[in-house]
Ligand code: 13P
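Numbering (the working numbering), first residue to last: 25 to 252.
Here you go:
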């Protein structure tokens, strides 16, 4: 089954969430739809007929960690998934591969399915194999691949409108699939309704992770149609 994940990078618009939930509930999708809002908005998904995920979690189950959300808490709030290692978390919040791996362990323990994001920066573009190999070293051979989704998000593609060519993406996807043959693999980075069909046509791509375009409900509905 193909997968469409929305990473709602939104703050402070509860009304919009309610509108989106209503619209998405009307969609009869063949794909699995997973919406990941900021944690503060997770309480607005009552009667949502698709899936919800968190954008991050902490690696401890309980304790005094002001401002953090444990996998257990997220699970109780209805999350089935959690994005981990998004490039914004890595760059802005200085999350290391080790910390992301700790979070991954904590999430799996609570049966919260992790979506691990990997991707090279613009200056690493010629060196993507080494970068991705390094980011994946804690999972290849260590994770139950059926329980973990991976998302390839080249940092240079996020929010830029630039997507890798079909041959570039095909090469990366076959490299990743060789390492993680049983995990679902998503592509993320400037996905829209125009390019979603071509991206889904690349062998090994199981779905898309959508940022900006997921906040435009008509566009997001069209992406879902292209992916299904
Ligand atoms: P854009 O779709 O806005 O490029 O963002 C991608 C992303 O970061 C999804 O996690």
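Note that the Cβ used here is the ideal one computed from N, Cα and C, for glycine as well.
In this text, all values refer to a predicted model and were calculated from it rather than measured experimentally.
Quiz item: What whole-angstrom Cβ distance do residue 210 and residue 29 have, given they're in contact under 8 Å?
Solution: Start at 1 with the first residue of the chain shown, and residue 210 comes out as number 186. Start at 1 with the first residue of the chain shown, and residue 29 comes out as number 5. Confirmed, about 6 Å.
Quiz item: How many Å lie between residue 83 and residue 64 at the Cα?
Solution: Numbered from its first residue, the chain shown carries residue 83 at position 59. Numbered from its first residue, the chain shown carries residue 64 at position 40. Using only the alpha carbons, I get a separation of about 18 Å.
Self-check item: Buried/exposed call for residue 144, threshold 16 Cβ in 10 Å
Solution: Residue 144 sits at position 120 when you count from the first residue of the chain shown. Buried, by the Cβ-count rule.
Quiz item: Do residue 67 and residue 101 come within 8 Å of each other at the CB atom, strictly closer than that value?
Solution: Position 77 of the chain shown, counted from the start, is the residue given in the question as residue 101. Position 43 of the chain shown, counted from the start, is the residue given in the question as residue 67. Against a cut-off of 8 Å, the Cβ pair of residue 67 and residue 101 comes out as a contact.
Self-check item: residue 213 vs residue 187 beta-carbon contact at 8 Å
Solution: Locating residue 213 in the chain shown gives position 189, counting from the first residue. Locating residue 187 in the chain shown gives position 163, counting from the first residue. In this structure, residue 187 lies closer than 8 Å to residue 213 by Cβ.
Quiz item: Relative to the C-alpha of residue 162, which residue among 178, 140, 152 and 175 is closest?
Solution: For the purposes of this step, residue 162 is identified with residue 138 of the chain shown, where counting begins at 1. Ranking the options by Cα distance to residue 162, first place goes to 140.
Quiz prompt | Contact check, residue 11 vs residue 142, beta carbons under 8 Å | solution = No answer is possible for residue 11: the residues shown for the chain start at 25 and end at 252.
Quiz prompt | contact_flag[the stretch 245–252, the stretch 75–82] where n(CB pairs < 8 Å) is 3 or more | solution = no
Quiz item: Short check: CB of residue 194 to CB of residue 227, under 8 Å?
Solution: As a position in the chain shown, residue 194 is number 170, starting the count at 1. As a position in the chain shown, residue 227 is number 203, starting the count at 1. Contact flag set, yes.
Quiz item: Which class does residue 174 belong to by DSSP, given the choice of helix, strand or coil?
Solution: Sequence index remark: in the chain shown, residue 174 carries index 150 (1-based). In the structure shown, residue 174 sits in a strand (DSSP, three-state: E or B).
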